[in-house]
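Peer 1:
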Amino acid sequence: MKKIGSSFYDELAAYGGLVGEHFTWHSDGNIEFFDDTPPTVVDAVKLIYVDHDPAHHSLFEISERIATLMAAADRATEGMGDAYTAGLLSKQDITRLKAWASYRVSLNGIPKQAGYPRDIDWPTPPEQERPDADH
20 MKKIGSSFYD ELAAYGGLVG EHFTWHSDGN IEFFDDTPPT VVDAVKLIYV
70 DHDPAHHSLF EISERIATLM AAADRATEGM GDAYTAGLLS KQDITRLKAW
120 ASYRVSLNGI PKQAGYPRDI DWPTPPEQER PDADH
């Protein structure tokens, strides 16, 4: 018996509308069917369980990760948008701002990826400027 991960709920909802039917499950992989669970529901849940990969994250966890990465991008470019509009950014800072903007666009596009939500190609954030150790 394999464990059940957080994406199992999403899989039940997406692949069969089975949330709220007459059964329950535990993280250890045990699924309990009630006496009145229709055989078609039992069969459908078992099929989803066979394909279930407990390593996959739930849609909520994915959304939370995207929000966290977006917040980091916002912090990395804080104030740069106004400086860019005012023409006060150096070429290096403009390049940095564009790299972060591209990263944000990639994060926003995650739900549109072909493998979503199972196989996500997470974008790599732009290099952070590091203080020079010699200064």
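Numbering (my numbering), first residue to last: 20 to 154. Where a beta carbon is used, it is the ideal one built from N, C-alpha and C, also for glycine.
Quick check on THR43: does DSSP put it in helix, strand or coil?
Peer 2: strand
Peer 1: Along the beta strand (DSSP E) that carries GLU51, what are the first and last residues, could you check?
Peer 2: Segment 50 to 52, the beta strand (DSSP E) holding GLU51.
Peer 1: Under the three-state reduction of DSSP, which class applies to ILE23: helix, strand or coil?
Peer 2: coil
Peer 1: I need the DSSP call for TRP119, collapsed to helix, strand or coil.
Peer 2: helix
Peer 1: Out of ASP72, ALA118, THR87, state which residue places its alpha-carbon closest to the alpha-carbon of MET99.
Peer 2: ALA118
Peer 1: Could you check whether SER46 and LYS166 sit closer than 8 Å to each other, using their CB atoms as the reference points?
Peer 2: What is shown of the chain runs 20 to 154, which leaves residue 166 out entirely.
Peer 1: What do you get for ALA74, buried or exposed, if any count of 16 or more other CB atoms within 10 angstroms of its CB means buried?
Peer 2: exposed
Peer 1: Where do the N-terminal and C-terminal ends of the alpha helix (DSSP H) with GLY98 fall, by residue?
Peer 2: Here GLY98 belongs to no alpha helix (DSSP H), and DSSP marks it neither H nor E.
Peer 1: Going by C-alpha distance, which of GLU40, ASN127, ILE85, LEU31 is nearest PRO57?
Peer 2: GLU40
Peer 1: Which of helix, strand or coil does DSSP assign to VAL69?
Peer 2: helix
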